[in-house]
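Trainee: Quick note: the sequence shown uses our numbering, first residue 6, plus one each step.
In this text, a Cβ means the ideal position worked out from N, Cα and C, and glycines have one as well.
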Amino acid sequence: MSLSREQMLVEMGISPIWVWREQPGPTASDECLPPVTAVEVEKAALPSRPPAPAAQPEFSPRSVSNTPAQVMAVGCLDWPELTRQVAVCRACGLGEQRRQAVFGVGDQHPDWLFIGEGPGAEEDAQGVPFVGQAGKLLDNMLAALDIARGNKVYIANAVKCRPPGNRTPEAAEMAACRPYLERQIALLKPKIIVLLGKAAVHAVLHDDKTLASMRGKRFEYAGIPVVVTYHPAYLLRNLPDKAKAWEDLLFARRLLAGQSVPELPF
Ligand code: URA
6 MSLSREQMLV
16 EMGISPIWVW
26 REQPGPTASD
36 ECLPPVTAVE
46 VEKAALPSRP
56 PAPAAQPEFS
66 PRSVSNTPAQ
76 VMAVGCLDWP
86 ELTRQVAVCR
96 ACGLGEQRRQ
106 AVFGVGDQHP
116 DWLFIGEGPG
126 AEEDAQGVPF
136 VGQAGKLLDN
146 MLAALDIARG
156 NKVYIANAVK
166 CRPPGNRTPE
176 AAEMAACRPY
186 LERQIALLKP
196 KIIVLLGKAA
206 VHAVLHDDKT
216 LASMRGKRFE
226 YAGIPVVVTY
236 HPAYLLRNLP
246 DKAKAWEDLL
256 FARRLLAGQS
266 VPELPF
């Protein structure tokens, strides 16, 4: 049964009033270049506020790194070849146990790029990201924004292969997969990137602060605005935080619309 927009907002635990204004945003380059590295990732200037308490890093530094030649090679692939290489990738141990790599799904000229953690059992079986319970919630969140996967929306993951038992991907696995994600971003040139959970934040921003301290702020990757929010699977277990995720999506939508957005006060 399909939900009305109003029902979706109720499902999200919110009923906002807003007006959608579309404006062009920045784009990434798809030139054959090495991907953006952590050092090149810049955060937008933040207003002065007391620094958030330092969080314990959840991810250790990369213990696997692709050679410059490998990174450069992936950084030159076109979409079909990138898809093919991901399908046959054995750069880390996840490739041995997956049923299939889950490349990503959606509009190849998206406004929105949502990045999750990695495929679960259902995604591994179907070859499509976010098709399980968390995916249903993600779809409802998109619908509440009046968008849908496939229409100006692309959905990808930090790692393309299912970690056994749905464990969090290890830093080495994310490092091995990172060139693919970076090339996807370069080719997709989304106007906004929404990072769903800590693994995605680590993969794109190389940052291990708490999500709570990163929400409501504008980050950048290759000139593209980046917003951080909770992973839908977390929201399924922590229903009150759905309202916070909704605030984050509204924040992202205002950034996409090119409005000057004050950062959220948390
Ligand atoms: N969780 C994710 O992070 N990605 C998926 O594709 C499915 C569940």
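Going by beta carbon distance, what residues of the same chain come within less than 6 Å of Glu47, once the five residues before and after it are set aside?
Mentor: Locating residue 47 in the sequence shown gives position 42, counting from the first residue. Annotation note: pLDDT 35 at Glu47 (below 50); position unreliable, no value reported.
Trainee: Which same chain residues, not among the five before or five after Ala139, have their C-beta less than 6 Å away from its C-beta?
Mentor: As a first step, residue 139 must be located in the sequence shown, where it is residue number 134. The residues are Pro237 and Ala238.
Trainee: Considering only the alpha carbon of each residue, which of Leu261, Gly111 and Arg183 lies closest to Glu122?
Mentor: In the sequence shown, counting from the first residue as 1, residue 122 sits at position 117. Looking at the Cα atoms, Arg183 is the closest of the given residues.
Trainee: Hey, quick one: how far does the beta strand (DSSP E) through Glu36 stretch, first residue to last?
Mentor: Taking the sequence shown and counting its residues from 1, the one referred to as residue 36 is at position 31. Counting along the chain, Glu36 falls outside any beta strand (DSSP E), and DSSP gives it neither H nor E.
Trainee: Going by DSSP in three states, Pro174 sits in which element: helix, strand or coil?
Mentor: Taking the sequence shown and counting its residues from 1, one reaches residue 174 at position 169. In this structure, Pro174 counts as coil in the three-state DSSP scheme.
Trainee: Please find out if some non-hydrogen atom of ligand 1 comes closer than 7 Å to the beta-carbon of Asn145.
Mentor: Taking the first residue of the sequence shown as position 1, residue 145 is located at position 140. It does not: the Cβ of Asn145 is nowhere closer than 7 Å to a heavy atom of ligand 1.
Trainee: Can you determine whether any heavy atom of ligand 1 sits closer than 7 Å to the C-beta of His207, and answer yes or no?
Mentor: Here the question's residue 207 lines up with position 202 in the sequence shown. The answer is no for His207.
Trainee: Have a look at Asp253 and Val158 and give me their C-alpha separation to the nearest angstrom.
Mentor: Here residue 253 refers to the residue found at position 248 when the sequence shown is read from its first residue. Here residue 158 refers to the residue found at position 153 when the sequence shown is read from its first residue. About 17 Å.
Trainee: Taking 7 Å as the cut-off, is the beta-carbon of Gly111 closer than that to any non-hydrogen atom of ligand 1?
Mentor: Taking the first residue of the sequence shown as 1, we reach residue 111 at position 106. Incorrect: Gly111 has no Cβ contact closer than 7 Å to ligand 1.
Trainee: Taking all protein chains shown into account, decide if Gly170 is buried (16 or more other Cβ within 10 angstroms of its Cβ) or exposed.
Mentor: As a first step, residue 170 must be located in the sequence shown, where it is residue number 165. Classification for Gly170: exposed.
Trainee: With a threshold of 8 Å between beta-carbons, can Leu244 be considered close to chain C, or not?
Mentor: Checking the listed chains, one finds no chain C in this structure; it contains a single protein chain.
Trainee: Ignore the nearest five residues each way along the sequence and tell me which others in Leu260's own chain have a CB closer than 7 Å to its CB.
Mentor: Numbered from 1 along the sequence shown, position 255 holds the residue referred to as residue 260. Cβ within range, chain order: Ile197, Arg223, Pro230, Val232 and Val266.
Trainee: Taking 7 Å as the line, does the beta carbon of Asn162 fall inside it for any heavy atom of ligand 1?
Mentor: Within the sequence shown, residue 162 is the residue found at index 157, counting from 1. Yes, the Cβ of Asn162 comes within 7 Å of a heavy atom of ligand 1.
Trainee: Can you tell me where the alpha helix (DSSP H) with Phe256 in it begins and where it stops?
Mentor: Within the sequence shown, the letter at position 251 stands for residue 256. Phe256 -> alpha helix (DSSP H) spans Lys247 to Leu261.
Trainee: Do you know whose CA, among Lys203, Ala96 and Arg89, lies nearest Ile120's CA?
Mentor: Looking up residue 120 in the sequence shown gives position 115. When only C-alpha atoms are compared, the closest one is Lys203.
Trainee: Counting only the same chain and skipping the five closest in sequence on each side, list residues whose C-beta sits under 7 Å from that of Arg154.
Mentor: In the sequence shown, residue 154 corresponds to position 149, counting from 1. Same-chain partners within the cutoff: Val110, Gly111, Asp144, Leu147 and Ile160.
Trainee: By DSSP, does Thr88 sit in helix, in strand, or in coil?
Mentor: In the sequence shown, counting from the first residue as 1, residue 88 sits at position 83. It is helical.
Trainee: In terms of residue numbering, what span does the beta strand (DSSP E) encompassing Ala139 cover?
Mentor: Residue numbering aside, residue 139 sits at position 134 when the sequence shown is read from its first letter. Not the beta strand (DSSP E): Ala139 falls in the alpha helix (DSSP H), residues Gln138 to Ala149.
Trainee: With a CB to CB cut of under 7 Å and the five nearest residues on each side skipped, what residues in its chain are close to Asn156?
Mentor: Looking up residue 156 in the sequence shown gives position 151. Correct list, in chain order: Asp112.
Trainee: Please report the Cβ distance between Arg188 and Leu118, rounded to the nearest whole angstrom; I am assuming they are in contact, meaning their Cβ atoms lie under 8 Å.
Mentor: Your numbering for residue 188 matches position 183 in the sequence shown. Your numbering for residue 118 matches position 113 in the sequence shown. Arg188 to Leu118, Cβ: 13 Å. No contact.
Trainee: Can you tell me the Cα-Cα spacing of Gln264 and Trp84, whole angstroms?
Mentor: By 1-based counting over the sequence shown, the position of residue 264 is 259. By 1-based counting over the sequence shown, the position of residue 84 is 79. Going by the C-alpha atoms only, they are around 32 Å apart.
Trainee: With hydrogens ignored, establish whether the beta-carbon of Ala238 is closer than 7 Å to any heavy atom of ligand 1.
Mentor: Here residue 238 refers to the residue found at position 233 of the sequence shown. Checking every heavy atom of ligand 1 against the Cβ of Ala238, one is found closer than 7 Å.
Trainee: Leaving aside the five residues before and after Val206 along the sequence, list all residues of the same chain whose C-beta is less than 6 Å from its C-beta, in chain order.
Mentor: For this step, residue 206 is matched to residue 201 along the sequence shown. So the qualifying residues of the chain are Leu200, Asp212 and Val233.
Trainee: For a test of the three-state rule: what should DSSP assign to Tyr159, helix, strand or coil?
Mentor: As a first step, residue 159 must be located in the sequence shown, where it is residue number 154. Tyr159: strand per DSSP, three-state reduction.
Trainee: Could you give the distance in angstroms between the alpha-carbon of Ile190 and the alpha-carbon of Val79?
Mentor: Start at 1 with the first residue of the sequence shown, and residue 190 comes out as number 185. Start at 1 with the first residue of the sequence shown, and residue 79 comes out as number 74. Approximately 12 Å between the Cα atoms of the pair.
Trainee: Helix or strand or just coil, what does DSSP make of Tyr235?
Mentor: To locate residue 235, count along the sequence shown from 1; it is residue 230. Note: Tyr235 maps to coil in three-state DSSP.
Trainee: Measuring CA to CA, which of Lys165, Ser218, Val133 and Gln102 is closest to Gln90?
Mentor: To locate residue 90, count along the sequence shown from 1; it is residue 85. Comparing Cα-Cα distances from Gln90 to each of Lys165, Ser218, Val133 and Gln102, the minimum goes to Lys165.
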